[in-house]
Every structure is written in C-alpha cells, then in structure tokens.
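Q: Numbering-wise (full-length UniProt numbering), the sequence shown opens with residue 1 and increments by one.
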Amino acid sequence: EVVYEIKKLDGSFYKGTLMQKWPVRKARPVSKRLIPEEPLITGQRVIDTFFPVTKGGAAAVPGPFGAGKTVVQHQVAKFANVDIVIYVGCGERGNEMTDVLNEFPELIDPNTGQSIMQRTVLIANT
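(1) Which parts of the region 8-58 are runs of the beta strand (DSSP E), unbroken and 3 residues or longer, counting only runs that do not cross its ends?
(2) What are the boundary residues of the beta strand (DSSP E) that includes G89?
(3) What first and last residue would you give for the beta strand (DSSP E) that runs through L122?
(4) Evaluate contact between the region 72-86 and the region 43-58, counting only Cβ atoms and requiring at least three cross-stretch pairs below 8 angstroms.
(5) From T49, V88, K15, pick the residue whose C-alpha is nearest to that of V61; which is it?
(6) In the structure shown, what three-state DSSP assignment does V2 receive?
(7) Closest to E1 by C-alpha separation, out of R25, V53, L18, A59, would be which residue?
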C-alpha cells in the first residue's frame, strides 16, 4: 500500500510504502557514519566505570530471570543525562513489556518532576 509520494527533480514520483526489502547480509548504505564521542552518564557507577556507553550508542542488558535487568533499565532511564529514552524489547515475554508499560509511568524524572513516560518511546518486538 502506497502511503506517500515524493516528486523527483525530473517530475516523476517515487511511491513509498511502509515495507522495505533488503538482503539480510548486505549492509544498508549510509552517506556518513557518526562516531560516538560523548559518554552517556547513566548515574550507575558500575556501568559508567566498567561498561561505559556513548551517547548515540547501544547497550544490552542480558541475564537470567530475576537478575535485575528491569531494575537496571529503570535506573538508567531515570538518571541518565538524555532527553529521550527509547526502550526496545526484542524477544521479551509479553508480560515483561506489560510490566514496563505499567511501571514506567510511576517513575518520576528527577530533573522535571514529571513521569518518565513523557520522554519515553517503547518498541515491542516479541
């Protein structure tokens, strides 16, 4: 289904859909890769010291059931020096994402006094 059209310089139209096809083992083309330079201060000393993350980088929190992964995610979302929190749950159990959806609104941002959900995006890929 076509959801948008872009008029090209030659007058023809590019019709865009929400589905993209790309080979799995072929990297997507980019014009420029930004090298992460600034550290992300998470507010958790053990992470900042032993497992530092850069702004614009990615981090994973692996572990077995009951290891405290969700607690770590809550603390990082609450105290990290970021403007927006993007939480991607890949392969999570459905009730895990439900817990995050129910618990994040209760977390208060110490900088603004508002709910963390005001600056959070949740993406579920279960």
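For each residue, glycine too, the CB sits at the ideal point set by N, CA and C.
A: According to the data block:
(1) 13-17
(2) By one-based count along the sequence shown, residue 89 stands at place 89. Run containing G89: 85-90, per the beta strand (DSSP E) assignment.
(3) The residue you call residue 122 lines up with position 122 of the sequence shown. Per DSSP, L122 belongs to the beta strand (DSSP E) from 120-125.
(4) yes
(5) Working through the sequence shown from its first residue, we reach residue 61 at position 61. When only C-alpha atoms are compared, the closest one is V88.
(6) Residue numbering aside, residue 2 sits at position 2 when the sequence shown is read from its first letter. Three-state DSSP puts V2 in a strand.
(7) Your numbering for residue 1 matches position 1 in the sequence shown. The candidate whose alpha carbon is nearest that of E1 is L18.
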